[in-house]
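The structure appears right after this line, and notes come after that.
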Amino acid sequence: MSNPNTGAHNNNAGRQDANPIEYYSFRLTRRSLLKAGAASAAVAIAPRHAFGETEAAATPAPAMAQVTLKINGQSRQLEVDTRTTLLDALRENLHLTGTKKGCDHGQCGACTVIVDGRRINSCLTLAVMQDGAEVTTIEGLGTPENLHPMQAAFIKHDGYQCGYCTPGQICSSVAVLKEIEMGIPSHVTLDLVSAPQATSEEIRERMSGNICRCGAYSNILAAIEDVSGGQKS
Amino acid sequence: MKAFTYERVKTPAEAAASAQNKPGAKFIAGGTNLLDLMKLEIETPPHLIDVNSLALDKIEPTPDGGLRIGALVRNTDLAADSRVRKDYAVLSRALLAGASGQLRNQATTAGNLLQRTRCPYFYDTNQPCNKRLPGSGCAALEGFSRQHAVVGASKACIATHPSDMAVAMRLLDATIETVNPDGRERKIPIADFWRAPGNTPHLETVLTAGELITSVTLPAPLGGTHVYRKVRDRASYAFALVSVAAVVQSDGSGRVALGGVAHQPWRLAEADAQLTNGSQNVYQKLFASAQPTPENEFKLILAKRTLASVLTEARG
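Chains A and B supply the protein sequences, listed in that same order. Here the first sequence stands for residues 35 to 267, where the numbers follow the working numbering. Here the second sequence stands for residues 86 to 401, where the numbers follow the working numbering.
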């Protein structure tokens, strides 16, 4: 593969470190040159694409890496492009398509999985960063024949409509109840020094990272409360 | 996303040395902000240095009665730490007001300080942005600027720093500890950590190339009443329009820092000195140099009222 330290990426880095005032005057010079129609001078400088990042960069070839993940109790080895998110590794490499891609930017929660006991957005972590981690996806929580209590509660309370956000909602719900059990406070916990309770207000706040476009929120809440033993605020 | 090479390092010195040898390389810890920006090719590092294996995930007491928070301590763990909840409640509150449970489980202490602005023009690569592409101009100045800075900004950039945690850290006079590629360590008072945007909004902090944050220390507890109030467009999972962090003592003295109004958490010594003279005086000192846009001048009224409300609450 090409050396990633050559080409415009390197120039870019150098530019950030350069004296900013000098850089500014460089830009102004370029602009005035362009205005004067000195095309040859403009070509000498890395051409730019509108206001975007440098375009002329020789794009480095993809770098591959070996990753071992313990997915739903099973050790899986895979070779991935370093750019592969955990979400894409699950869906594209391992064909575990229960985990959904919604926004791909950590805003919707559809990709929520449980890694080393904690819920995270699998779209905002790289597979290579999770080498050796234990990952639980919706497929690992339960099966159609042997549902996880949270899956059963979502069905009982009709906690979905289209179902796309549901795997993320369920993984998040399971982790939320564990977080409350562990005594982790939330934004709505009134007393920081005592243990939080699984009230509806607590559950709503803690589930705010999972968006449901169909608006099944009240039924999702009912399902989680059912599993938690249903303390109402 | 542009292709990049990846390595996992074992010691801070190794991390800093690697950064020095690979120009343009970035450290990655939680990745919740960096990967987001890499997907949009706003950040295009040719090499990523994964620092998650460094032993920087502890919260320990310091000899002077404070706390040393490892750079890799996750937001959830910092907010839930019993010492933080008891003695630095404003920090727990600020952390819990930010992001979502999933993000707090991943995001780290150092990464939170270094997160980039959420200015929509910084994110939109079709728009000019002096922070993303120095010299290209600022689309926010005449654009949709409701979220933007009202104080401390410049003609080149009116972006805000999005963090809640940083506002509490600034209030508590935290110190940022770093290591350089040559092994030299330094302690940066948080008041000196961010640079004013001026003509160089792309230079956000005083960190130099390859310098790695190893921990953040808090001085001994201040006592008093701790409040963090965040005002935003929805009740959860949104960035602040205005936030107010306050620690107020029983005699009415104390300190305040504001989020959502500037390129950094906004705190002024002359404003703190006015705390016993009522919130109106505090507000006037904080915003004496304010230059809002027509779209965000409401933030001044919001800040004034939030300050008044927080100080009333803190004084019991």
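Glycine included, every Cβ here is placed at the ideal spot set by N, Cα and C.
Just so you know, the alpha carbons of B/Val291 and B/Cys214 end up roughly 21 Å apart. Around the beta carbon of B/Val169, 16 or more other beta carbons sit within 10 angstroms, so the residue counts as buried.
Looking at the DSSP output, B/Phe112 sits in a beta bridge with B/Ile134.
The beta carbon of B/Ala102 lies closer than 7 Å to those of Pro266 in the same chain, with the five residues before and after it left out. A Cβ-Cβ contact shorter than 7 Å links A/Ser242 with B/Ser185.
The Cβ atoms of B/Glu380 and B/Ser230 sit closer than 7 Å to each other. Around the C-beta of B/Asn106, fewer than 16 other C-beta atoms lie within 10 Å, and the residue is accordingly described as exposed. In this structure, B/Ala342 lies near B/Arg255, with their beta-carbon atoms less than 7 Å apart. Taking a Cβ-Cβ cut-off of 7 Å, the neighbours of A/Ser220 in chain B comprise Leu181, given in sequence order. Within its own chain, the residues whose Cβ lies closer than 6 Å to the Cβ of B/Ala323, once the five positions on either side in sequence are excluded, are Arg317, listed in chain order. With fewer than three CB-CB distances shorter than 8 Å, the segment 271–284 of chain B does not count as touching the segment 307–315 of chain B. For B/Asn366, the secondary structure class from DSSP, reduced to helix, strand or coil, is helix. Put simply, the CB of A/Ile204 is far from chain B, with every gap to its CB atoms at 7 Å or more. Taken atom to atom, the span from the alpha-carbon of B/Pro97 to that of B/Arg159 is near 18 Å.
Any Cβ of chain B closer than 7 Å to the Cβ of A/Asn155 would place that residue at the interface, and such an atom is present.
Across the segment 159–171 of chain B, CB contacts with chain A closer than 7 Å involve Thr161, Ala164, Ala165, Arg170 and Lys171, in sequence order along the chain. Taking each of A/Ile237, A/Gly140 and A/Ile172 in turn and checking the Cα distance to A/Gly263, the smallest one comes out for A/Ile237. In the structure shown, A/Cys137 falls within a coil segment according to DSSP collapsed to helix, strand and coil.
Pairing B/Leu385 with B/Ala373 gives a Cβ-Cβ distance that is not under 7 Å. In the DSSP annotation of this structure, the continuous segment of the alpha helix (DSSP H) that includes A/Ile172 starts and ends at Ile172 to Leu175.
A/Gly217 carries a coil assignment under DSSP once its states are collapsed to helix, strand and coil. By the Cβ criterion, the segment 185–202 of chain B is in contact with the segment 150–157 of chain A, since at least three pairs of Cβ atoms, one from each stretch, lie closer than 8 Å. Going by beta carbons, B/Lys216 and B/Pro130 fall outside the 7 Å limit. In this structure, B/Ile261 lies away from B/Ile243, with their beta-carbon atoms at least 7 Å apart. The three-state secondary structure of B/Cys242, taken from DSSP, is coil. Contact annotation, A/Val162 with A/Val114: C-beta distance approximately 7 Å; criterion of less than 8 Å satisfied. Counting C-beta pairs with one atom in each stretch, the segment 91–109 of chain A and the segment 167–176 of chain A have three or more that are closer than 8 Å, which means they touch.
Legend: CB atoms of the segment 302–326 of chain B lying less than 7 Å from CB atoms of chain A belong to residues Ser321 and Tyr322. In the structure shown, the three-state DSSP call for B/Pro205 is helix. By alpha-carbon distance to B/Gly109, the top candidate from B/His132, B/Glu92 and B/Asp209 is B/His132.
B/Leu120 belongs to the set of residues whose beta carbon lies under 7 Å from a beta carbon in chain A. Of the residues B/Gly220, B/Ala156, B/Phe207 and B/Leu218, the one whose Cα lies closest to the Cα of B/Val301 is B/Ala156. If you draw a straight line from the Cα of A/Thr131 to the Cα of A/Pro96, it is about 24 Å long. With the criterion set as a beta carbon lying under 8 Å from some beta carbon of chain A, the members of the segment 184–212 of chain B are Ala184, Ser185, Gly186, Gln187, Leu188, Asn190, Gln191, Thr210, Asn211 and Gln212, in sequence order. Counting of Cβ neighbours within 10 angstroms places B/Lys95 among the exposed residues, the total staying below 16. Nearest Cα to B/Ser328 within the set B/Ala305, B/Leu218, B/Thr391 and B/Gly339: B/Thr391.
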